[in-house]
Every structure is written in structure tokens, then in C-alpha cells.
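Enquirer: First the structure, then my questions, so here it is.
In the working numbering, the protein residues as written are 562 to 775.
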């Protein structure tokens, strides 16, 4: 019998690529999506549960499977209110970990961000660091946290400023050598590939820095 995977954030860039790959992966029989809006994909493997992910505990009975992919997050531009920002970037992954633990799910992969540090003086990095620490403490047997630098890929959203910034960032990639290597842009496909590979391995729980993702 094939595995059941749970994805949070399948409407975003990385999450949509995880979904795309799992739908054609014979190791998986069912894919469960939890989201505020439909991903627009019709497939016999796929089941969607729509609702407010800030109250993920309401889906406890449906949140059952073999592994969880957390590809959800926001930006300071989208969510300028710091309390709301924390509810999303800290609250949702932590709730997912707690539900996974309660429902005996053995594997979880979470997209965090480079520079995550619970002791950082920067709020964004501190929230990500707090999230990582709390998720790890939940104690899911195989927990993998990925810390990508800027994520490259074809986004559904039309964010011209970000697109221009990414082009400039990628044009300067040759400068990122030695200790700066981990700040190179990471393709979203590489992140999706790494998450799936980790959750189909016997590797111990770990934090994967950006330059070790691809």
C-alpha cells in the first residue's frame, strides 16, 4: 500500500512543485492538501481540505498520513503586522508538528529561511528560529528543516519588484564563493526534490543549510 503525504502551502511556488512531483511518484497513494484556497488540480490521488490554517487543530481527524510537507509562509510586505506574521510563520508549522505527533506521523519537512536564529536581533530571523526550535522539540522521529536563501522559480503571482531583484541577485551569483556560497539563490525545484528525498531516507532529523539543498 502506498504512502499518504500531507502538504501545507500547495498553492505556493515550492509547495506546488512538491505536489507536482508526488502526484507522479508511485510511492504515494494519497495526497492531502490543507489550504485556504483550492490549488485547482484535479487528480484521483488528491484530496483538499479548505479552511483557516491558523486553526489547523480543527482538521485533526483529517490530518493523518505518513509524512508532512510544510511549504507555507508569508513576507513582511504581505503581512506587516508582526503579531499576524508570527501566527503564520511560527503558528502554522508548530500546529502542524503537534498534530503530526498526536496522529503518529513519523516524518516532517519544513521550509524555513537562511539566517533563522531564535537569538537573532532581527524579528524575521528570530521568528523563524523560534519556529525551528519548537518544531524540533515536538519530537517527530524524522524532522527536516530546510533553510533556503532567496528562492528562484516561476511564481504564479506577478511581483515585478521581486522578479527584478531576483534577476540582479542571480546575475551576481559568481560572487558567492567560500563562506558566501550559502547565500546563492536556490531553485524551488531543488527544495522540493530535497524534501521528498529526505522523507524517503533514513537520515536523522537535521537542519539543512541553503548550500546543501541542491
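Don't be surprised by glycine CBs; every beta carbon is placed ideally from N, CA and C.
1. Exposed or buried, what is residue 643 when buried is set at 16 or more other beta-carbons lying within 10 Å of its beta-carbon?
2. Could you tell me whether the stretch 689-697 touches the stretch 647-654, using the rule of 3 or more Cβ pairs below 8 Å?
3. DSSP on residue 772, reduced to helix/strand/coil?
4. Taking C-alpha atoms, which residue in 646, 678, 630, 628 lies nearest to residue 636?
5. Hey, quick one: how far does the alpha helix (DSSP H) through residue 752 stretch, first residue to last?
6. How many angstroms separate the CA atom of residue 661 from the CA atom of residue 707?
7. Need the endpoints of the alpha helix (DSSP H) that residue 583 sits in, please.
8. Just checking my contact of residue 606 with residue 590 at CB under 8 Å: how many whole Å lie between their CB atoms?
9. My output table needs one value for residue 503: the three-state DSSP class, helix, strand or coil.
10. What's the call for residue 650, buried or exposed, on a 16-neighbour Cβ count within 10 Å?
11. Considering only the alpha carbon of each residue, which of 629, 770, 687, 759 lies closest to residue 675?
12. Tell me, to the nearest whole angstrom, how far the beta carbon of residue 523 is from that of residue 670; I am working on the premise that it is less than 8 Å.
13. Return helix, strand or coil for residue 564, following the three-state DSSP convention.
14. Could you check the C-alpha separation between residue 688 and residue 666 for me, to the nearest Å?
15. Considering Cα atoms alone, identify which of 685, 632, 648 is closest to residue 756.
16. Over what stretch of residues does the beta strand (DSSP E) that includes residue 622 continue unbroken?
17. Between residue 618 and residue 597, what straight-line distance do the alpha-carbon atoms span, to the nearest angstrom?
18. For a test of the three-state rule: what should DSSP assign to residue 651, helix, strand or coil?
19. What's the gap between the Cα of residue 702 and the Cα of residue 764?
20. By the 10 Å Cβ neighbour count, where 16 or more other Cβ atoms means buried, how is residue 574 classified, buried or exposed?
Expert: So, to answer that:
1. Position 82 of the chain shown, counted from the start, is the residue given in the question as residue 643. Under this definition residue 643 is an exposed residue.
2. Because the criterion of three Cβ pairs below 8 Å is met, the stretch 689-697 and the stretch 647-654 touch.
3. Position 211 of the chain shown, counted from the first residue, corresponds to residue 772. Three-state result, residue 772: helix.
4. Sequence index remark: in the chain shown, residue 636 carries index 75 (1-based). When only C-alpha atoms are compared, the closest one is 646.
5. Translated into the one-based positions of the chain shown, residue 752 becomes position 191. Counting along the chain, the alpha helix (DSSP H) containing residue 752 begins and ends at 749-760.
6. Start at 1 with the first residue of the chain shown, and residue 661 comes out as number 100. Start at 1 with the first residue of the chain shown, and residue 707 comes out as number 146. Rounded to whole angstroms, residue 661 to residue 707 spans 18 Å at the Cα level.
7. Along the chain shown, one-based indexing puts residue 583 at 22. That run of the alpha helix (DSSP H) goes 574-584.
8. Position 45 of the chain shown holds residue 606. Position 29 of the chain shown holds residue 590. 7 Å between Cβ atoms; contact.
9. The structure shown does not extend to residue 503, since the chain is modelled only from 562 through 775, so no value can be given for it.
10. Along the chain shown, one-based indexing puts residue 650 at 89. With 16 or more Cβ atoms within 10 Å of its Cβ, residue 650 is classed as buried.
11. Residue numbering aside, residue 675 sits at position 114 when the chain shown is read from its first letter. Relative to residue 675, the option among 629, 770, 687, 759 whose CA is nearest is 770.
12. What is shown of the chain runs 562 to 775, which leaves residue 523 out entirely.
13. Position 3 of the chain shown, counted from the first residue, corresponds to residue 564. Strand at residue 564.
14. For this step, residue 688 is matched to residue 127 along the chain shown. For this step, residue 666 is matched to residue 105 along the chain shown. In this structure, the straight-line span from the alpha carbon of residue 688 to that of residue 666 is close to 25 Å.
15. As a first step, residue 756 is located in the chain shown; it is residue number 195 there, counting from the start. Closest in alpha carbon position to residue 756, among 685, 632, 648, is 632.
16. Stepping through the chain shown from its first residue, residue 622 is reached at position 61. If you look at residue 622, you'll find it isn't in any beta strand (DSSP E); DSSP assigns it neither H nor E.
17. Here the question's residue 618 lines up with position 57 in the chain shown. Here the question's residue 597 lines up with position 36 in the chain shown. The straight-line gap separating the alpha-carbon atoms of residue 618 and residue 597 is approximately 14 Å.
18. Along the chain shown, read from residue 1 onward, the residue named residue 651 stands at position 90. The three-state reading of DSSP puts residue 651 in helix, counting H, G and I together.
19. The residue given as residue 702 occupies position 141 in the chain shown. The residue given as residue 764 occupies position 203 in the chain shown. Between residue 702 and residue 764, the C-alpha separation is close to 10 Å.
20. Counting from one through the chain shown, the residue named residue 574 turns up at place 13. Answer is buried; the Cβ neighbour count reaches 16.
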